[in-house]
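S.K.: One structure coming up, written as structure tokens, with questions to follow.
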Amino acid sequence: MNHFSFKTMCLNQWPGYCLALLVFVCASCDSETDANVVSEAIKAPPNFVFILADDQGWNGTSVKMMNNEPMSKSDYYETTNIDNLASKGMVFTNGYAAAANCSPSRASLMTGLWTPRHGIYTVGNSDRGNTKDRKLIPVVNKRSLSNNFKVIPQVLKENGYTTCHAGKWHLSNDPTNFGFDFNIGGSHSGFPKSYFPPYKNVDIEKGENDYLTDLITEKAIDFIQNSKQPFFLYFSPYAVHLPINPIEELLSKYKNKTPFEGQDNYKYATMIDNLDRNIGLLINSLEGNNNIIIFTSDNGGLHGITNQKPLRAGKGSYYEGGIRDPFIFVWKDKIKDNLKTDIPITNLDIFPTIISVANISYDGLLDGVDLSPILFENKNIVKRSLFWHFPIYIQSKKWEGVNYENRDSLFRTRPGSVVRNGNWKLHYYFEDESIELFNLKDDISEKNNLIDQFPKKTEQLKSQLENWWDETNAPIPYEKNPKYIITE
19 MNHFSFKTMC LNQWPGYCLA LLVFVCASCD SETDANVVSE AIKAPPNFVF ILADDQGWNG
79 TSVKMMNNEP MSKSDYYETT NIDNLASKGM VFTNGYAAAA NCSPSRASLM TGLWTPRHGI
139 YTVGNSDRGN TKDRKLIPVV NKRSLSNNFK VIPQVLKENG YTTCHAGKWH LSNDPTNFGF
199 DFNIGGSHSG FPKSYFPPYK NVDIEKGEND YLTDLITEKA IDFIQNSKQP FFLYFSPYAV
259 HLPINPIEEL LSKYKNKTPF EGQDNYKYAT MIDNLDRNIG LLINSLEGNN NIIIFTSDNG
319 GLHGITNQKP LRAGKGSYYE GGIRDPFIFV WKDKIKDNLK TDIPITNLDI FPTIISVANI
379 SYDGLLDGVD LSPILFENKN IVKRSLFWHF PIYIQSKKWE GVNYENRDSL FRTRPGSVVR
439 NGNWKLHYYF EDESIELFNL KDDISEKNNL IDQFPKKTEQ LKSQLENWWD ETNAPIPYEK
499 NPKYIITE
């Protein structure tokens, strides 16, 4: 199904199941207490609204992401609706994407698996940049997610959910082959040629709105208002990925606004503002309290267009600016208001958390953890390391006068792996086996390499990384590039 159409909506099986369960359980009820048990037994499972912004990053909203860091929110962008959402649930200040760019991050989110398990590391080819600058032959990248992997909507659909994808998919040609009943504008395209019609590479039915973010929201709201419950909506509008197509009526609002820590692109700011407005419309269309809303971004903001300070670098880099994202969970009357935690989590955790909350049994492999004890009981049950693997190259964007804050100006990332354990984070690079060690509690900007001061901690984390390579069968690039030209 390439287009969204309610005429072809199949009847959901959940109401029939609930009725049968009600008849069965009521037969044995002989008290008011039993009636309460029945009420709980037939309570409908929650709807899930998963909102995934594109390239928005940790400092791409006006939500304050840390208690003690004044730069942990943008004073330039205005995201009133996302701020309001954050006040009604739990904010994870150490939330991460499983990769620093879109396709691998989204593949890990959907499968709940580390990148070496599905083999998607970037968009397109893995030998990005100039051949003479690459010391190693990179690992071959997979461009599409294999149908051998089961993803979140498939599991939910098998358990009575109606599922809808809205916006960017970027993992295959058709998201309906991965458990979505409906598809609103999703394909292998990573960004629209234009946010104004004709969109050229985004196939979507016409509606009342023309601007693509507005139109996707319009269609998503149609789904919510017409869908049988329970439903799963994956709302992933292409915004705020390039191209920069500003909202004309918002330009004056930002054009003369005081810049904030390198954030000064007023045209881009209008796109963030518009995305926030549409998120507000989407949330306001929900009925009742049985809706779990999750908001995050697929990776960091694009350095040169925006800035993630105090985090270092941006999209495509495995410094904090490329992988740390806003993370918000809301469920009225279930998750308390105004909660904030610094427990490190990853988008790998979305899959196990959703199926746990929906009370679904699943025996497949998942690398994430169920966040329910944190969300509902504010308990820190997560004791683990987080890993990232990028055995390929991705070149820097060429923005004039921009300090990329990477190790060099040629690449946002050279082949390497990263591990975070507690406050410690270690970067390992395959080209020269060099290592960087940072303490994020004291040095969130990753400026001070501590390998000489903490050799035991360095060895401990390197050993963890090596064991993880073995566990996940992570491919390690080792073959020398014969066209590499030494410039040192």
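Residue numbering for the sequence shown is 19 to 506, as defined by our numbering. Ideal placement from N, C-alpha and C gives every residue a C-beta, glycine not left out.
Quick one: grab the DSSP three-state call for S335.
M.R.: Looking up residue 335 in the sequence shown gives position 317. Taken through DSSP and simplified to helix, strand or coil, S335 comes out as coil.
S.K.: Of all the options G434, I155 and Y272, which has the alpha carbon lying nearest to the alpha carbon of R425?
M.R.: The residue you call residue 425 lines up with position 407 of the sequence shown. In terms of CA proximity to R425, G434 leads the group G434, I155 and Y272.
S.K.: For L131, is the classification buried or exposed, using 16 other Cβ atoms within 10 angstroms of its Cβ as the cut-off for buried?
M.R.: Along the sequence shown, one-based indexing puts residue 131 at 113. The residue is buried, with at least 16 neighbouring Cβ atoms inside 10 Å.
S.K.: For M89, which of helix, strand or coil comes out of DSSP?
M.R.: Against the sequence shown, residue 89 aligns to sequence position 71. Of the three classes helix, strand and coil, the one that applies to M89 here is coil, per DSSP.
S.K.: Per the DSSP calculation, G434 is bridged to which residue(s)?
M.R.: Taking the sequence shown and counting its residues from 1, the one referred to as residue 434 is at position 416. G434 pairs with F408 and Y447.
S.K.: Do you know how far the Cα of K459 is from the Cα of N441?
M.R.: Residue 441 sits at position 423 when you count from the first residue of the sequence shown. Residue 459 sits at position 441 when you count from the first residue of the sequence shown. So the two alpha carbons sit approximately 6 Å from each other.
S.K.: Under the rule that 16 or more other beta-carbon atoms within 10 Å means buried, what is L329, buried or exposed?
M.R.: Stepping through the sequence shown from its first residue, residue 329 is reached at position 311. Result: buried.
S.K.: Tell me whether the segment 201–208 and the segment 269–281 touch, counting them as touching only if at least three CB pairs, one residue from each stretch, are closer than 8 Å.
M.R.: no
S.K.: So, at 7 Å on beta carbons, what are the nonlocal neighbours of F278 in its own chain, with the 5 sequence-adjacent residues on each side left out?
M.R.: Against the sequence shown, residue 278 aligns to sequence position 260. So the qualifying residues of the chain are S92, D93 and Y94.
S.K.: Would you kindly work out how many angstroms separate the C-alpha atoms of S414 and I239, rounded to a whole number?
M.R.: Taking the sequence shown and counting its residues from 1, the one referred to as residue 414 is at position 396. Taking the sequence shown and counting its residues from 1, the one referred to as residue 239 is at position 221. C-alpha separation (whole angstroms): 38 Å.
S.K.: Within its chain, find whatever has a CB closer than 8 Å to the CB of L103; leave out the 5 residues flanking it on each side and keep chain order.
M.R.: As a working mapping, residue 103 is identified with position 85 in the sequence shown. Taken in chain order, the residues that qualify are I297, I301, I311, F313, I346 and V348.
S.K.: Grouping DSSP H, G and I as helix and E and B as strand, with all else coil, what is R146?
M.R.: Position 128 of the sequence shown, counting from 1, holds the residue named residue 146. R146: coil per DSSP, three-state reduction.
S.K.: Check whether the segment 455–474 and the segment 123–140 are in contact - that is, three or more C-beta pairs closer than 8 Å.
M.R.: no
S.K.: Quick one: grab the DSSP three-state call for W487.
M.R.: Walking along the sequence shown from the start, residue 487 turns up at place 469. Three-state DSSP puts W487 in a helix.
S.K.: Starting from R342, trace the beta strand (DSSP E) both ways and give me its first and last residue.
M.R.: On the sequence shown, position 324 is the one that residue 342 refers to. Segment R342 to V348, the beta strand (DSSP E) holding R342.
S.K.: Which one of D199, S403, K501 and F68 has the shortest CA to CA distance from D385?
M.R.: Within the sequence shown, numbered from 1, the residue matching residue 385 stands at position 367. D385 has its Cα closest to that of S403, out of D199, S403, K501 and F68.
S.K.: Please classify A38 as buried or exposed, where buried requires at least 16 other C-beta atoms within 10 Å of its C-beta.
M.R.: To locate residue 38, count along the sequence shown from 1; it is residue 20. Residue confidence for A38 is low, a pLDDT of 40 falling below 50, so the modelled location carries little weight; the figure read from the coordinates is stated next. The residue is exposed, with fewer than 16 neighbouring Cβ atoms inside 10 Å.
S.K.: Mind reading off the beta-carbon distance from K480 to L444? Whole number of angstroms is fine, and I expect it under 8 Å.
M.R.: The residue you call residue 480 lines up with position 462 of the sequence shown. The residue you call residue 444 lines up with position 426 of the sequence shown. Between L444 and K480 the Cβ distance is about 7 Å, and since that is below 8 Å, they are a contact.
S.K.: Using CA atoms only, rank isn't needed, just tell me which of D355, E423 and F200 is closest to K246.
M.R.: The residue labelled residue 246 in the question sits at position 228 within the sequence shown. K246 has its Cα closest to that of F200, out of D355, E423 and F200.
S.K.: Taking Y252 as part of the beta strand (DSSP E), name the residues at either end of that continuous run.
M.R.: Your numbering for residue 252 matches position 234 in the sequence shown. Run containing Y252: F249 to S254, per the beta strand (DSSP E) assignment.
S.K.: With DSSP collapsed to three states, give me the class of S403.
M.R.: By 1-based counting over the sequence shown, the position of residue 403 is 385. Secondary structure at S403: strand, using DSSP grouped into helix, strand and coil.
S.K.: Just checking my contact of T129 with V169 at CB under 8 Å: how many whole Å lie between their CB atoms?
M.R.: In the sequence shown, the residue the question calls residue 129 occupies position 111. In the sequence shown, the residue the question calls residue 169 occupies position 151. That pair is a contact at about 6 Å.
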